[in-house]
Each structure stands twice: as C-alpha cells, then as structure tokens.
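First comes the structure, then the notes that go with it.
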Amino acid sequence: MRIIFTPRAERQIDSLHAYITEKASEGRADAYIARIVTFCSGLGTFPLRGQQRNDLLSGLRITGFERRVTIAFIATSEAVLIEGIFYGGQDFEGVFQDEK
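Using my numbering, the first residue of the sequence shown is number 90, and each one after it goes up by one.
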C-alpha cells in the first residue's frame, strides 16, 4: 500500500527536523525523522491501527510514536494519507476542527 505525505505533513517534518537540528544536531534530527518515516511506512501493512477520530475528519485515525509524536492519517483501499505529524503535544484537534 502506498504512503502519501500531505504538504502539511511534509512541512511539519521539515520544521521538526530544523528544531531538532537546532537543539541537538543534524545527525540526531536525521535519525529521528528516519524513524518517523519508517513508522509511517508500516502503516501500509496495518492501516487500521490507532484511534478513529471521525469527529475531526471522516476516516481520520490517530496513533502515537515514541511518546512525543502524534501521527494523523487516513487509510483508503489504495493508500495511507499522512495528514499530520504533531510533536510534543501540539494541538492536532484544533488544526482539524479549524478545517471543518
């Protein structure tokens, strides 16, 4: 199953990479982002994991990664669409409610 990152998710990954690079190092940022991308790739194998959040967006699911990241995604029969990568308690609910 294909994994597709939305432009928002790509921007969030870029921002997270820049933040970690500034606070730690580029090597740590590269490694952390690689783990997130690998985790997201695994959603293609088991796309129905996580908590359903149809109240925010039809088909939206939420799952955690390493206790610091919340990944928002939608699984279809053809692909998993990564809708957002939220770090350190960012308000993912507010983002999706604002889009309603």
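Quick reminder that beta carbons are idealized off the backbone N, C-alpha and C, glycines included.
Could you give the distance in angstroms between the alpha-carbon of residue i and the alpha-carbon of residue j?
i	j	result
F175	S166	25 Å
G200	A118	The chain is shown only over 90 to 189; residue 200 falls outside these bounds and no answer can be derived.
G177	E155	11 Å
R91	V126	13 Å
F185	A161	10 Å
G139	E111	31 Å
D124	V158	One detail in the question is off: residue 124 reads as Arg in this sequence, not Asp. Whole-angstrom Cα-Cα distance: 11 Å.
F135	R150	12 Å
E115	H106	8 Å
L145	A113	34 Å
What are the start and end residues of the alpha helix (DSSP H) that includes residue i?
i	result
T110	P96 to K112
F128	E115 to G131
So, is residue i buried or exposed, given that buried needs 16 or more other C-beta atoms within 10 angstroms?
i	result
E172	buried
L170	buried
G141	It is worth fixing the name first, because residue 141 is Gln in this sequence and not Gly. The residue is exposed, with fewer than 16 neighbouring Cβ atoms inside 10 Å.
L132	buried
A120	exposed
Cβ-heavy atom distance between residue i and the ligand MG below 7 Å?
i	result
I122	Questions concerning the ligand MG fall outside what the structure shown contains, since it holds no ligand whatsoever.
Where in the segment 139-185 do unbroken runs of the beta strand (DSSP E), each at least 3 residues long, occur, reported from the N-terminal end onward? 149-154, 158-164 and 168-176
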